[in-house]
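S.K.: Read left to right, the sequence shown gives residues 5 to 369 (my numbering).
C-beta atoms are modelled at their ideal positions from N, C-alpha and C, and glycine is treated no differently.
Remember, predicted model here, so these are calculated numbers, not experimental data.
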Amino acid sequence: MQGNARTERPEPTGSTAHVMAVHASWDRLCEIIDASESFLLTSHLFPEADSIGSEIALAHHLRRIGKKRVHIVNHGDSLERYPFLTRHYPIGGLETLGPTPNPDLYDVAFCLDVSSWDYTGAIGEWIQKSGTDVVAVDHHRSHERFGVLDVIMEEAAAAGEVLFHYFKATGAEITEVMAEALYASILFDTQGFRLSNTSNQTLRVANELLDHGADHRYISAQLFERESWARVQLLRLALGTLQRECDGRLAWLSISDDLFRLANAQFVDGDGILDFLLGLHGVEVCAMFRQLGNEGIKATFRSKGRQDVGALAEDLGGGGRATASGVLLKMQMHEAIGHVLPKTYALLGVRESVGAEPRVTVPWG
Ligand SMILES: [Mn+2]
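#1: Just verifying my parser: in three-state terms, what is the DSSP assignment at residue 350?
#2: Can you find at least 3 beta carbon pairs, one from the segment 226-234 and one from the segment 333-352, that sit closer than 8 Å?
#3: Name the two residues that bound the continuous alpha helix (DSSP H) containing residue 131.
#4: Taking just the CA atoms, how far does residue 340 sit from residue 249?
#5: Reducing DSSP to helix, strand and coil, say where residue 252 ends up.
#6: Just tell me which of 180, 303, 328 has its CA closest to the CA of residue 223.
#7: Any idea what DSSP makes of residue 289, helix, strand or coil?
#8: Which runs of the beta strand (DSSP E) fall wholly inside the segment 170-251 and span at least 3 residues, in chain order?
#9: When you measure from the CB of residue 117 to every non-hydrogen atom of ligand 1, does any distance come out below 7 Å?
#10: Please tell me whether, using a cut-off of 7 Å, the distance from the CB of residue 143 to the nearest non-hydrogen atom of ligand 1 is below it.
#11: Do residue 154 and residue 140 have their C-beta atoms closer together than 8 Å?
#12: Nearer than 7 Å: is that true of the beta carbon of residue 193 relative to any heavy atom of ligand 1?
#13: Within 8 Å, do at least three Cβ pairs link the segment 199-209 to the segment 112-129?
#14: Whole angstroms is fine: what's the gap from residue 245's alpha carbon to residue 226's?
#15: Residue 111 and residue 40: beta carbons closer than 8 Å?
#16: What residues in its chain sit with their C-beta under 6 Å from that of residue 130, if we drop five residues either side in the sequence?
#17: So what does DSSP say about residue 259, is it helix, strand or coil?
#18: Where DSSP assigns a beta bridge to residue 306, which residues make up the other side?
#19: What do you get for residue 1, buried or exposed, if any count of 16 or more other CB atoms within 10 angstroms of its CB means buried?
#20: Please confirm whether any heavy atom of ligand 1 lies closer than 7 Å to the CB of residue 54.
#21: Check for me: the beta strand (DSSP E) holding residue 88 runs from which residue to which?
#22: Would residue 355 be called buried (16 or more neighbouring beta carbons within 10 Å of its own) or exposed?
#23: Determine the closest residue to residue 342 out of 264, 310, 257, 311, with distance taken between C-alpha atoms.
#24: Do the segment 180-194 and the segment 50-59 touch if we need at least three Cβ pairs shorter than 8 Å?
#25: Relative to ligand 1, is the shortest distance from any of its heavy atoms to the C-beta of residue 61 smaller than 7 Å?
#26: Which residue's Cα is closest to the Cα of residue 38: 28, 70, 259, 22?
#27: For residue 91, which option in 316, 61, 299 has the closest C-alpha, if you only look at C-alpha atoms?
#28: From residue 183 to residue 221, what does the alpha carbon distance come to, in whole angstroms?
#29: For residue 33, which residues in the same chain have their Cβ closer than 7 Å to its Cβ, ignoring the five residues on either side in sequence?
#30: Evaluate residue 280 with the Cβ neighbour count: other Cβ atoms within 10 Å of its Cβ, from every protein chain shown; 16 or more gives buried, anything less gives exposed.
#31: Where does residue 99 land, buried or exposed, given buried means 16+ other C-beta within 10 angstroms?
#32: Specify the secondary structure class of residue 142 as computed by DSSP and reduced to three states.
Here's what the structure looks like:
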């Protein structure tokens, strides 16, 4: 059993004020963990590898330092996509918590990799109504600061990278399972160290995680080479709606409920399509409009780095990072597209769409 004692401290980068703020956060986080016995860990809707990797790594750490009650609870299914991570720790749904918010069930609720209550679903509602103290650990610039402590490192590539710095700062042992989970977080959120959130520091952290037993080739294969047939069918149908505008600098597509049905796929199966579009030569920004049942349209954005799609999403009422962002619009598909596209043209510095490809008519378009 390992204590939570602080040992050597690597210096965070950035301004003096930022360094001091980060140090203060580690101290405060350490105090909160020391003073608590029961923990609820959650993340955003449709949790992906950064969410789950962060949850698994933190749950393992808390168990190793002797905490008895540590529950990971997510809204929606998180078990199918990353069995190599989820085999290491049970992940429950709302049924774990029970229907009535109970302030006595947990001392602390960790909200990992999520910038707003809007993206926490039923679990977030339960936490808010229960009045449980919240600690947020995140790397999104637009974080709404809803915790008794918010540890937000915007320079970190992933929530998993933030947790790594915490473990290092407090001298916690990083086990092989934790290293694998954190490496998966970072590898996923940088899409294989390709996105502009990949800093020197990120690569140094990744290197240390390899030293702690993470296997780069294995984790890469688990994250990027396990596409389901339904996901590839959805990609095929979604590409039928692909539009190229602004002289090829903007690419966008839309996925209606019909397409999800045709592909026998779910909303979450559309994740990753934008990263594929970003591979197009000449494209600087891409957008995807996905119908989320009756909730509305989820618009997501990617940028190669010149344009700040985080600011675009914030302007629309959502959030994210400069290179990856999103917003849920309570609109019909055509309204959402009409609302968002002019703003993407403006982001690219053009007044209106120019050089649009003639739209290909497809039966489901
Ligand atoms: Mn993340």
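M.R.: In brief:
#1: helix
#2: With the cut-off at 8 Å, the segment 226-234 and the segment 333-352 do not touch.
#3: 125-134
#4: 17 Å
#5: It is helical.
#6: 180
#7: strand
#8: 247-249
#9: yes
#10: Yes, Cβ of residue 143 sits closer than 7 Å to a heavy atom of ligand 1.
#11: yes
#12: yes
#13: no
#14: 29 Å
#15: yes
#16: 101, 105
#17: strand
#18: Looking at the DSSP output, residue 306 bridges to 290, 328.
#19: No information on residue 1 is available, as it lies outside the stretch 5 to 369 that the chain covers here.
#20: The closest heavy atom of ligand 1 lies less than 7 Å from the beta carbon of residue 54.
#21: Taken as a continuous stretch (DSSP letters only), residue 88 belongs to no beta strand (DSSP E), being part of the alpha helix (DSSP H) at 87-90.
#22: exposed
#23: 257
#24: yes
#25: no
#26: With distances taken between Cα atoms, residue 38 lies closest to 70.
#27: The shortest Cα separation from residue 91 among 316, 61, 299 belongs to 61.
#28: 14 Å
#29: 139, 153, 155, 170
#30: exposed
#31: exposed
#32: The three-state secondary structure of residue 142, taken from DSSP, is strand.
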